[in-house]
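Residue numbers (the numbering used here): 378 to 867. Using N, Cα and C, we set each Cβ at its ideal position, and we do this for glycine too.
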Ligand code: FAD
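Structure, rendered in structure tokens:
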């Protein structure tokens, strides 16, 4: 039996470990932290529990798949339900919009709020679906860096329809042309942030993302987002994966251009195959500094990071949903701040996520656990303490105006996460949430492959490599990586 070492127990590391163990390998995971999950973790402050990172759960089929291949019944580990309301939107001029999960209800509500004809929105979503259907095989489900990918029928169809994929205009230009409504353009532009990019730079092919949300749905896992991590960790244990926590890998051992193990505490641990779930930048810089790094790939602009305030709120706000977005007035300036000036604008879009009322353990009765996030630039040594204080003040004033209250009076406890602490906690270079940004049309091709071209038996999974960041894509990276390994072993 071949043995595999996985460096990191992030969501992609867990999924890769499960897939390979089920395929007949013996897998050992080495994780620097005391627990699994990486960015998908939780924190407890006094009487409040918070999901620390992701809050939006889409494409549950990729989780279902892991249980299916393991032959374990998912209901014993993990359950989730579809949300009827995807998000509550608050615009700066106090316009509000409830985004329903059901397309008919969504279009009806948009007609009421913005006067847009349902047919216009349905046409937008149909175009979004066409882009997804034509590109999923090439950009999401296979290695972009293997010839075989280009020889399958779906890829050839995608290549033949390149002109319909809007690769040559930006998401903002596309949305303006198709929607011609300032509120909806802002709303549909926000999907660029799903991979940490700017709508004014990212190509319009990203307009496929609304289809994923609207068609496949958005979900709430029972027990919170942390139950994704916990259930996959338990599944990994049950299929026989072995874990080593509080164990930071310091080197990938390479002999004659073949990865043959890792080094932990100056001790070599031999392996037939090494998979790094660590961000690709520190994987090269710290774990194999003597190897020639792919500088063009590593020099890509980083995706955005975030500042998050975790607030225990001594009140229950009836007008809020589980996911709420308070838009800024001038979001072009907001994105220019993040990607050009490397700071956070005073007027900024604020995301407020709250646990479902079913999660009784997450907040005391009559209280709410608020996850309050703004997008922020990757860390280049800014004065974060100043930015955090200023941003906190701006958020409080923005939300207090919208909710017609003095929000600060209700904050019972607080913790803060910023690009520095995201990097310290997960080793993600500069605290970027999604590896590199997709701020140019070649971005997909400039993500690192899931394998090393120069070193045999070395593979990569996770948000900083192909196909990209976010839970669904990380789970797909695990699928692609595991398939490459099993194919190479045949
Ligand atoms: P990571 O989570 O980056 O974990 C890597 C692991 O490797 C860590 O546990 C780390 O400790 C370990 N490691 C690193 N180096 C070493 C070493 N040398 N030795 C041993 N272990 C090591 N995604 C969504 O889909 N929806 C959202 O709503 C969403 N919102 C987000 C909000 C925030 C605040 C954050 C931070 C992220 C968000 N994301 C969201 C992105 C999503 O969380 C990530 O894309 C995904 O979790 C990354 O998983 P990963 O497998 O790449 O590993």
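Can you tell me whether residue i is buried or exposed, with buried defined as 16 or more other CB within 10 angstroms of its CB?
i, result
"residue 786", "exposed"
"residue 610", "buried"
"residue 563", "buried"
"residue 845", "buried"
"residue 638", "buried"
"residue 732", "buried"
"residue 867", "exposed"
"residue 825", "buried"
"residue 503", "exposed"
"residue 559", "exposed"
"residue 868", "Past the edges of the chain, shown from 378 to 867, lies residue 868, and the structure says nothing about it."
"residue 549", "buried"
"residue 378", "exposed"
"residue 592", "exposed"
"residue 666", "exposed"
"residue 567", "buried"
"residue 626", "buried"
"residue 545", "exposed"
"residue 429", "buried"
"residue 529", "exposed"
"residue 678", "buried"
"residue 642", "exposed"
"residue 864", "exposed"
"residue 718", "exposed"
Between the alpha carbons of residue i and residue j, how many angstroms are there, rounded?
i, j, result
"residue 801", "residue 409", "11 Å"
"residue 835", "residue 489", "54 Å"
"residue 496", "residue 594", "20 Å"
"residue 855", "residue 390", "7 Å"
"residue 424", "residue 431", "21 Å"
"residue 861", "residue 448", "22 Å"
"residue 736", "residue 699", "12 Å"
"residue 571", "residue 847", "7 Å"
"residue 662", "residue 764", "29 Å"
"residue 494", "residue 517", "32 Å"
"residue 405", "residue 621", "7 Å"
"residue 603", "residue 738", "13 Å"
"residue 810", "residue 416", "9 Å"
"residue 583", "residue 451", "31 Å"
"residue 535", "residue 817", "19 Å"
"residue 687", "residue 747", "6 Å"
"residue 469", "residue 730", "18 Å"
"residue 782", "residue 581", "39 Å"
"residue 465", "residue 576", "21 Å"
"residue 607", "residue 537", "42 Å"
"residue 685", "residue 436", "24 Å"
"residue 547", "residue 832", "37 Å"
"residue 788", "residue 714", "28 Å"
"residue 829", "residue 659", "15 Å"
Can you find a heavy atom of the ligand FAD that lies under 7 Å from the Cβ of residue i?
i, result
"residue 799", "yes"
"residue 851", "yes"
"residue 826", "no"
"residue 404", "no"
"residue 750", "yes"
"residue 844", "no"
"residue 415", "yes"
"residue 848", "yes"
"residue 626", "yes"
"residue 503", "no"
"residue 583", "no"
"residue 685", "yes"
"residue 754", "no"
"residue 409", "yes"
"residue 433", "yes"
"residue 638", "no"
"residue 389", "yes"
"residue 832", "no"
"residue 654", "yes"
"residue 810", "yes"
"residue 569", "no"
"residue 386", "yes"
"residue 356", "The chain is shown only over 378 to 867; residue 356 falls outside these bounds and no answer can be derived."
"residue 601", "no"
Can you tell me whether residue i sits near the ligand PLP, meaning its C-beta is under 7 Å from at least one heavy atom of the ligand?
i, result
"residue 803", "Of the ligands one can find in the structure shown, namely the ligand FAD, none is the ligand PLP."
For residue i, would you say it is in contact with chain C, using Cβ-to-Cβ distances shorter than 8 Å as the test?
i, result
"residue 751", "Included in the structure is just one protein chain, with no chain C present."
Self-check item: the stretch 448–467 touching the stretch 626–645, judged by at least three CB pairs closer than 8 Å
Solution: Because the criterion of three Cβ pairs below 8 Å is not met, the stretch 448–467 and the stretch 626–645 do not touch.
Practice problem: Count the CB pairs spanning the stretch 604–622 and the stretch 795–811 that are closer than 8 Å, and state whether there are at least three. | Solution: no
Self-check item: the stretch 378–387 in contact with the stretch 648–659 per 3-pair CB rule at 8 Å
Solution: The stretch 378–387 is in contact with the stretch 648–659.
Quiz item: Is the stretch 812–827 in contact with the stretch 789–796, if contact means three or more CB pairs nearer than 8 Å?
Solution: The stretch 812–827 makes no contact with the stretch 789–796, as fewer than three CB pairs between them are under 8 Å.
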